[in-house]
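Structure record follows, encoded as structure tokens.
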Amino acid sequence: MMGTHPDTKSDLRRRLRARRRRLRGRAARRAAALATRRLTALDGWQRARHIGIYWPADGEIDTRPLIAAATRAGKHVYLPVIRSSPGDLAFRRHRPGDPLQRGRFGLPIPPRARAPQRRLAGLDLLVMPLVGFDAAGHRLGMGGGFYDRTLAGRGRCRRPLRVGLAYACQQHPAIPHDRWDQRLDRVVTDRTVHVW
Ligand SMILES: Nc1nc2c(c(=O)[nH]1)N(C=O)[C@@H](CNc1ccc(C(=O)N[C@@H](CCC(=O)O)C(=O)O)cc1)CN2
Ligand SMILES: Nc1ncnc2c1ncn2[C@@H]1O[C@H](COP(=O)(O)OP(=O)(O)OP(=O)(O)O)[C@@H](O)[C@H]1O
27 MMGTHPDTKS DLRRRLRARR RRLRGRAARR AAALATRRLT ALDGWQRARH IGIYWPADGE
87 IDTRPLIAAA TRAGKHVYLP VIRSSPGDLA FRRHRPGDPL QRGRFGLPIP PRARAPQRRL
147 AGLDLLVMPL VGFDAAGHRL GMGGGFYDRT LAGRGRCRRP LRVGLAYACQ QHPAIPHDRW
207 DQRLDRVVTD RTVHVW
């Protein structure tokens, strides 16, 4: 609940989003290139054929080089699309150069008519944006609960591998977490790869 903890989620979200946005230009490109190299070196990346990746917004690490690399390697890339009911995400195929349209929150999404769609279980790897993360693998997102709802109820199902992509400066000592928060398998940053 708001105000009952020194670091409420909404307070942290504001601070960490501001920190993320502050990294720009050459520093952002350099960090993104380092993180991209680490991510594409993962076994889970190299084995994956169907990959969910976000389209960058609000200072998130630029994923366009990742999308290009996946496509060159013959992998299929899907972008998240919000399903207002039940409030989770579906994933629509995207290739570099394909047109995008504005979806909820003004985020670019592939138009429904031309893009094959997959559910979470049809992906081998899910690359998620983070507002923040901690050393225990807790993830702080934008606050819509969309990734949490999408990942909920899968129990011990290993598919897809859940990878957060973030700048190292998004790490926080302890991200407050709730019952419904879904843990990550990996966080890849410009500095390192965290494994759980
Ligand atoms: N690039 C990217 N795509 C993504 C996500 C994300 O975090 N990053 N999502 C991860 O969940 C989903 C969208 N989630 C979102 C959740 C909340 C807000 C939000 O509160 N936005 C505004 C205020 C609301 C508005 O504009 O109406 C804000 O920036 O404060 C935006 C997106 C799906 N696609
Ligand atoms: N499995 C679920 N079923 C129903 N509601 C859920 C579920 N998971 C999360 N929610 C709801 O989503 C809301 C936002 O959760 P939270 O603040 O943890 O978002 P977040 O993890 O930062 O966002 P996101 O997952 O979109 O990146 C909460 O109000 C929570 O009740």
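So the number in my numbering is just where the residue sits in the sequence shown, counting from 1, plus 26. C-beta atoms are modelled at their ideal positions from N, C-alpha and C, and glycine is treated no differently.
query                                                                                                                          : result
Length of the line joining the Cα atoms of residue 71 and residue 221                                                          : 14 angstroms
Per-residue burial, residue 206 [other beta carbons within 10 Å of its own, 16 or more giving buried]                          : exposed
Spatial distance of residue 175 from residue 126 (CA atoms)                                                                    : 24 angstroms
Spatial distance of residue 165 from residue 194 (CA atoms)                                                                    : 13 angstroms
Sufficient close CB pairs (3 or more, under 8 angstroms) joining the stretch 75-94 to the stretch 152-170                      : yes
Close-in-space but distant-in-sequence residues of the same chain around residue 95 (CB under 8 angstroms, 5 per side omitted) : 62, 66
Three CB pairs or more closer than 8 angstroms across the stretch 48-57 and the stretch 132-140                                : no
Cross-strand partners of residue 18 (DSSP beta bridge)                                                                         : Given a span of 27 to 222 for the chain in the structure shown, any question on residue 18 remains unanswerable.
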